[in-house]
Amino acid sequence: MSAPVSRRGFVTGTAATAAVAAGYAVLPAAAADPALAAVRRSSTDLIPGSKHFATLLAFGDFTITKDGQLLFAKPESVDAPKDPTEVTIACAGIQGLSGVITDAEVQSDQGRPKVGLTRFLTHFQWDNPSVVIEQNPYRVSSGTLIGNDPGGVEALLPGRATFYQYLILTVFDRPLINVQPMVMSADDVTQWPPVGSTFRTEGPTDFYDLSSLQTPNDMGSDVTPGAVKVATLAACATEVMSQVFVPSVEGVRVPRIG
Numbered sequence: 000m001s002a003p004v005s006r007r008g009f010v011t012g013t014a015a016t017a018a019v020a021a022g023y024a025v026l027p028a029a030a031a032d033p034a035l036a037a038v039r040r041s042s043t044d045l046i047p048g049s050k051h052f053a054t055l056l057a058f059g060d061f062t063i064t065k066d067g068q069l070l071f072a073k074p075e076s077v078d079a080p081k082d083p084t085e086v087t088i089a090c091a092g093i094q095g096l097s098g099v100i101t102d103a104e105v106q107s108d109q110g111r112p113k114v115g116l117t118r119f120l121t122h123f124q125w126d127n128p129s130v131v132i133e134q135n136p137y138r139v140s141s142g143t144l145i146g147n148d149p150g151g152v153e154a155l156l157p158g159r160a161t162f163y164q165y166l167i168l169t170v171f172d173r174p175l176i177n178v179q180p181m182v183m184s185a186d187d188v189t190q191w192p193p194v195g196s197t198f199r200t201e202g203p204t205d206f207y208d209l210s211s212l213q214t215p216n217d218m219g220s221d222v223t224p225g226a227v228k229v230a231t232l233a234a235c236a237t238e239v240m241s242q243v244f245v246p247s248v249e250g251v252r253v254p255r256i257g
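For the sequence shown, position 252 matches number 251 in numbering that gives the first Met the number 0, and the numbering has no gaps at all.
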């Protein structure tokens, strides 16, 4: 018979371990040296097997109507509300965060170098009205970075980066998900992470209520045939503004950051 586990001992031990680990946490040298950080972002040798965080700004407009329908549209195509119950909201420079892990293996795409990407973090938030966009953890959001020119790892930049994202869009506390990926791409990426690049959607993306899922509340399942979409993202642009450096603890094995 195993000995009972002391919850007090576990909590105390965990807290003590965290306190000790925090004392050994370090930031990469590039965090304190913008010039060094820029040089490292331009080094293709550092791309494979890396992990990065970045700040984002999103641009676009959407309309919410009284029956819960939500429509995203290009800013230049949004007109004044045609109905007094509609609310048109300009999303100009909405703050966000992203996190990406780059595969360690460099592959070839018709002679051009290619690395796979895993998008593990996306977060945008509006306060008025209450809208949150975040990564759907029940689906894998992938991507690729493909160099413009033939070659090996040295030709990864400049390149084209594409993400296939599955999201949770929560509007007024009502979570919605997309079951077909939202595809966003940026051409002529010259740094990694792609600071200064603009990602644009390649087509519309529909969002559905959780009640439309084949397996209720399972955000990894498909929607039932004939499910009614609640929201459509028609067009969106996201600007990568800056790299975020997160401390790591010496001795803990994590993908290279920075």
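A virtual CB, placed ideally from N, CA and C, is assigned to each residue, including glycine.
Same chain only: Cβ atoms within 6 Å of residue i, ignoring 5 sequence neighbours per side
{"i": "Pro-192", "result": "His-51, Ala-53, Gln-242"}
{"i": "Glu-153", "result": "Thr-43"}
{"i": "Leu-156", "result": "Thr-43, Thr-189"}
{"i": "Asp-186", "result": "Arg-159"}
{"i": "Gly-146", "result": "Arg-111, Pro-112, Ala-154, Leu-155, Gly-158"}
{"i": "Asn-148", "result": "Checking the sequence, you will find Asp at residue 148 rather than Asn. Only Ala-154 meet the Cβ criterion."}
{"i": "Asp-221", "result": "Val-178, Gln-213"}
{"i": "Ile-132", "result": "Phe-123, Leu-166, Leu-168"}
Within 7 Å, strictly: CB atoms of residue i and residue j
{"i": "Leu-144", "j": "Ala-160", "result": "yes"}
{"i": "Thr-284", "j": "Phe-198", "result": "No information on residue 284 is available, as it lies outside the stretch 0 to 257 that the chain covers here."}
{"i": "Arg-118", "j": "Gly-142", "result": "yes"}
{"i": "Pro-136", "j": "Tyr-163", "result": "no"}
{"i": "Gln-213", "j": "Arg-40", "result": "no"}
{"i": "Asn-177", "j": "Thr-200", "result": "no"}
{"i": "Gln-134", "j": "Leu-120", "result": "yes"}
Sheet register partners of residue i (DSSP bridge)
{"i": "Thr-117", "result": "Ile-100, Ser-141"}
{"i": "Ser-107", "result": "Pro-112"}
{"i": "Asp-208", "result": "Leu-175"}
{"i": "Phe-198", "result": "Thr-237"}
{"i": "Trp-125", "result": "Val-130"}
{"i": "Ser-247", "result": "Val-25"}
{"i": "Leu-35", "result": "For Leu-35, which the question treats as bridged, DSSP gives no partner whatsoever."}
{"i": "Met-218", "result": "None; Met-218 has no bridge partner."}
{"i": "Ile-46", "result": "DSSP output for Ile-46 lists no bridge partner at all."}
{"i": "Tyr-163", "result": "Ser-141, Val-182"}
{"i": "Val-170", "result": "Val-130, Arg-173"}
{"i": "Leu-155", "result": "Paired residue(s): none; Leu-155 is not in a bridge."}
Neighbour-count burial assignment, residue i, 16 or more Cβ in a 10 Å radius
{"i": "Val-38", "result": "exposed"}
{"i": "Leu-168", "result": "buried"}
{"i": "Pro-33", "result": "exposed"}
{"i": "Ser-247", "result": "buried"}
{"i": "Thr-84", "result": "Note that Thr-84 scores 49 on pLDDT, short of 50, meaning its location in the model is unreliable and no value can be drawn from it."}
{"i": "Ser-129", "result": "exposed"}
{"i": "Ala-234", "result": "buried"}
{"i": "Phe-71", "result": "Note that Phe-71 scores a pLDDT of 49, beneath 50, so its modelled location is shaky and nothing firm can be said."}
{"i": "Glu-75", "result": "Legend: pLDDT at Glu-75 = 42, less than 50; position of this residue unreliable, value from coordinates given subsequently. Under this definition Glu-75 is an exposed residue."}
Contacting residues, own chain, Cβ-Cβ under 8 Å from residue i (five flanking each side not counted)
{"i": "Gly-92", "result": "Leu-56, Ala-57, Phe-58"}
{"i": "Thr-223", "result": "Ser-211, Leu-212, Gln-213"}
{"i": "Leu-35", "result": "Ala-28, Ala-29"}
{"i": "Arg-151", "result": "With the sequence shown as reference, residue 151 is identified as Gly, and Arg is not the correct amino acid for it. Val-105, Pro-112, listed in sequence order."}
{"i": "Ile-100", "result": "Ser-49, Lys-50, Leu-116, Thr-117, Phe-119, Pro-254"}
Cβ separation of residue i and residue j, assumed to be a contact under 8 Å, to the nearest whole Å
{"i": "Gly-95", "j": "Phe-123", "result": "4 Å"}
{"i": "Val-194", "j": "Gly-158", "result": "About 14 Å separates the two Cβ atoms, so there is no contact after all."}
{"i": "Val-239", "j": "Ser-196", "result": "5 Å"}
{"i": "Pro-27", "j": "Phe-244", "result": "6 Å"}
{"i": "Asp-108", "j": "Pro-47", "result": "Not a contact, Cβ separation roughly 15 Å."}
{"i": "Pro-207", "j": "Val-182", "result": "Residue 207 is actually Tyr in this sequence, not Pro. No, Tyr-207 and Val-182 are not in contact; Cβ-Cβ is about 18 Å, not under 8 Å."}
{"i": "Arg-138", "j": "Gly-202", "result": "About 18 Å; that fails the 8 Å criterion."}
Residues near residue i in its chain [Cβ-Cβ closer than 7 Å; skip 5 each side]
{"i": "Trp-125", "result": "Ile-93"}
{"i": "Ala-226", "result": "Tyr-207, Ser-211"}
{"i": "Asn-216", "result": "Leu-209"}
Contact test: residue i Cβ vs the ligand GTP heavy atom, cutoff 6 Å
{"i": "Tyr-163", "result": "No copy of the ligand GTP appears in this structure; indeed no ligand is present at all."}
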